[in-house]
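Residue numbering for the sequence shown follows my numbering, starting at -6 and increasing by one per position.
Virtual Cβ for every residue (Gly too), placed ideally from N, Cα, C.
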Amino acid sequence: MNDFNAFAAPITKLIELNKAQFEKLAAAQQQSAKNYVELTEVRIKAASAIKSPEAFNAFAKEQVELAQTGLQKIVADGKSLFEDTKTYNEEVLNLVKESATAFTPKS
-6 MNDFNAFAAP ITKLIELNKA QFEKLAAAQQ QSAKNYVELT EVRIKAASAI KSPEAFNAFA
54 KEQVELAQTG LQKIVADGKS LFEDTKTYNE EVLNLVKESA TAFTPKS
């Protein structure tokens, strides 16, 4: 029974790790979608307020700036996701090693 418990413990940890990782990813995606919806609403209002060539030029300039900051955010988010994935993979490998050690016959 102790051998089974030792074998099952890493599996339980893996399930908990997966659950936490999926919840984290889902929350990030939900927040990102919310942010994009809010930004779209703001930009639609700004576009509908254009009444002159000068206002259009200002709007276009804002759009370019938003595109630049958006690209920077995408790069930063990508780096963060990479680091999170790397940490997750290391934790999974440690759990696999722990499980293999627990299941290795003892002399």
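Contact under 8 Å by Cβ, residue i with residue j
i	j	result
residue 84	residue 10	yes
residue 74	residue 3	no
residue 81	residue 24	no
residue 51	residue 42	no
Inter-residue spacing [alpha-carbon to alpha-carbon] between residue i and residue j
i	j	result
residue 28	residue -2	45 Å
residue 8	residue 59	40 Å
residue 62	residue 56	10 Å
residue 93	residue 76	26 Å
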